[in-house]
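**Q** To start, I am sharing the structure in question, which I have written as structure tokens.
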Amino acid sequence: DQQVKQNSPSLSVQEGRISILNCDYTNSMFDYFLWYKKYPAEGPTFLISISSIKDKNEDGRFTVFLNKSAKHLSLHIVPSQPGDSAVYFCAASVTQFYFGTGTSLTVIP
Amino acid sequence: GAGVSQSPRYKVAKRGQDVALRCDPISGHVSLFWYQQALGQGPEFLTYFQNEAQLDKSGLPSDRFFAERPEGSVSTLKIQRTQQEDSAVYLCASSSGRGKNIQYFGAGTRLSVL
């Protein structure tokens, strides 16, 4: 009964290109969404968030898009850099946070 | 310190042993969360404190798991009579407000039960 799903375990992208990470959710009551980035042996680090009253939020190279009708969330990284290589988790919340299983992004120099 | 601190970073326990995991949240953060992350999975919610009050413990997998935050700052997650399925990374997070706020995570404690 995974309420937040990241169906792509891994993604490889050339440096300078766009990385698109996807996330689907099942609970229409979720009203706050976040993306976290995780390096090995470290805790997740907050990247960007979006409230359900918006459909887009941008912070530098990172943009999160929310499609409520499709229950779909995506993170765009443009341009991708080798330092972006990490595992990315999306999370959704009504009260507590539910995390996806993560997508491992590799940016190839 | 500036961030969330967890100790120990690694813990090896024999099956049946009790363990205690410590979390030092960011100073002044009201809310504190514990998560369990199994290999290849995302963090799964265990329990939530607002100051010293444990407001949600719905994620604790059994009555062998117990968490406390007696003075509203440091928290301890205790696991009694550890089992192999308890092997995971235990993450602690804190946030500054009540309700929906960005959670800041510690590096976690990796528990291995042999």
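Chains as they are written, first to last, in this note's numbering: chain H, 1065 to 1173; chain U, -3 to 110. All C-beta atoms, glycine included, are put in the ideal place defined by N, C-alpha and C. Treat the numbers as computed from the prediction; the structure is a model and nothing was measured.
Can you list, in chain order, the residues of its chain whose CB lies under 7 Å from that of residue 1162 of chain H, leaving out five sequence neighbours each side?
**A** The residues are 1067, 1068, 1155, 1156.
**Q** Please check if any C-beta of chain U sits within less than 8 Å of the C-beta of residue 1074 of chain H.
**A** Residue 1074 of chain H does not count as touching chain U.
**Q** Do residue 1135 of chain H and residue 1116 of chain H have their C-beta atoms within less than 8 Å of each other?
**A** No, the pair does not count as a contact, with Cβ atoms beyond the cut-off.
**Q** Using a Cβ cut-off of 8 Å, which residues of the segment 1104 to 1134 of chain H contact any Cβ in chain U, in chain order?
**A** Here the close residues are 1105, 1106, 1107, 1108, 1109, 1110, 1113.
**Q** I'd like to know if residue 1139 of chain H contacts chain U, where contact means its C-beta is closer than 8 Å to some C-beta of that chain.
**A** No, no contact with chain U.
**Q** Please list the segments of the alpha helix (DSSP H) lying wholly inside the segment 1123 to 1158 of chain H, counting only runs of 4 or more residues, in order along the chain.
**A** You should have found no qualifying run.
**Q** Checking the sheet assignment: what are the DSSP bridge partners for residue 1114 of chain H?
**A** Partner(s): H/1097.
**Q** Just to check my reading of the structure: residue 1151 of chain H and residue 1167 of chain H have Cβ atoms closer than 8 Å, yes? What is that Cβ distance to the nearest angstrom?
**A** Right, their Cβ atoms sit about 7 Å apart.
**Q** Listing by chain order, which chain U residues have their CB less than 9 Å from the CB of residue 1098 of chain H?
**A** Per Cβ cutoff of 9 Å: 98, 99.
**Q** Are the beta-carbon atoms of residue 21 of chain U and residue 31 of chain U separated by less than 8 Å?
**A** No.
**Q** Run through the DSSP bridge pairs and tell me what residue 1172 of chain H is partnered with.
**A** Note: residue 1172 of chain H sits in a beta bridge opposite H/1078.
**Q** According to DSSP, simplified to helix, strand and coil, what is residue 46 of chain U?
**A** Reduced to three states, the DSSP call for residue 46 of chain U is strand.
**Q** Spatial neighbours of residue 70 of chain U within its chain, please: C-beta separation below 6 Å, excluding the five flanking residues on both sides.
**A** Cβ within range, chain order: 20.
**Q** Out of curiosity, what's the CA-to-CA distance linking residue 59 of chain U and residue 28 of chain U?
**A** Straight-line Cα distance between these residues: approximately 20 Å.
**Q** Since residue 1086 of chain H and residue 1138 of chain H should fall inside the 8 Å C-beta cutoff, what is the C-beta to C-beta distance between them, to a whole number of angstroms?
**A** Rounded, the Cβ-Cβ distance is 5 Å, consistent with contact.
**Q** So what does DSSP say about residue 82 of chain U, is it helix, strand or coil?
**A** Here residue 82 of chain U sits in helix by DSSP.
**Q** Taking 6 Å as the limit between beta carbons, can you name the residues of its chain near residue 1127 of chain H, skipping five residues before and five after?
**A** Cβ within range, chain order: 1140.
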